[in-house]
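Here's the structure, in structure tokens; my notes come after.
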Amino acid sequence: MAVVKYISADGAVTEIDVSPGVNLMQAAVNGGVSGIVGECGGSAMCATCHVYVDENDMGKFDAANAPEQEMLECTTSPLKPTSRLSCQLVIKDDCDTITVHLPETQQ
């Protein structure tokens with residue numbers, strides 16, 4: 198189980214316990230995190246689950262594949278080197294804590 202800290206653009210923090218195998222978008226939606234829309238249900242087709250992964254946590258996830266990289270070009274918020282789609286960020290067995298920052302808007 199990992200503790201995922203979602204930090205909104207206004208600084209509000211929501212922490213959620215997330216089981217291995219669950220993606221950060223689904224955990225956020227199930228946990229009522231404001232700022233994660235996930236219109237496509239987690240199929241990397243809408244870019245409404247864009248997050249900025251804390252630099253210290255980037256290595257805890259597989260690299261973005263080509264479809265994710267293409268969809269990131271469609272986000273409404275500025276891209277950063279740590280930009281990812283949270284639907285593509287799956288908690289691994291050895292994860293303990295993850296911090297992600299939410300952009301100001303998803304749409």
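If you want this note's numbering, it's the position in the sequence shown, counting the first as 1, plus 197.
Idealized CB from N, CA, C, for every residue including glycine.
It should be emphasised that the depicted structure is a prediction, and the values quoted were computed from it without experimental measurement.
Residue i by DSSP, collapsed to three states: which one?
i           : result
proline 199 : Strictly speaking, residue 199 in this sequence is alanine, with proline absent from that position. In the structure shown, alanine 199 sits in a strand (DSSP, three-state: E or B).
leucine 286 : coil
valine 250  : strand
Could you tell me the distance, in whole angstroms, from the CA atom of residue i to the CA atom of residue j?
i              : j              : result
serine 240     : valine 200     : 23 Å
isoleucine 288 : methionine 222 : 11 Å
alanine 263    : leucine 276    : 16 Å
Locate the alpha helix (DSSP H) running through residue i, then write down its first and last residues.
i          : result
valine 297 : Here valine 297 belongs to no alpha helix (DSSP H); instead the beta strand (DSSP E) covers 294-298.
How far does the beta strand (DSSP E) with residue i in it extend, from its first residue to its last?
i          : result
valine 210 : 210-215
Give me whichever residues DSSP pairs with residue i in a beta bridge.
i              : result
isoleucine 204 : Val210 and His298
asparagine 227 : Note: asparagine 227 sits in no beta bridge, so no partner.
Does the beta-carbon of residue i have 16 or more other beta-carbons within 10 angstroms, so that it is buried, or is it exposed?
i              : result
asparagine 220 : buried
methionine 268 : buried
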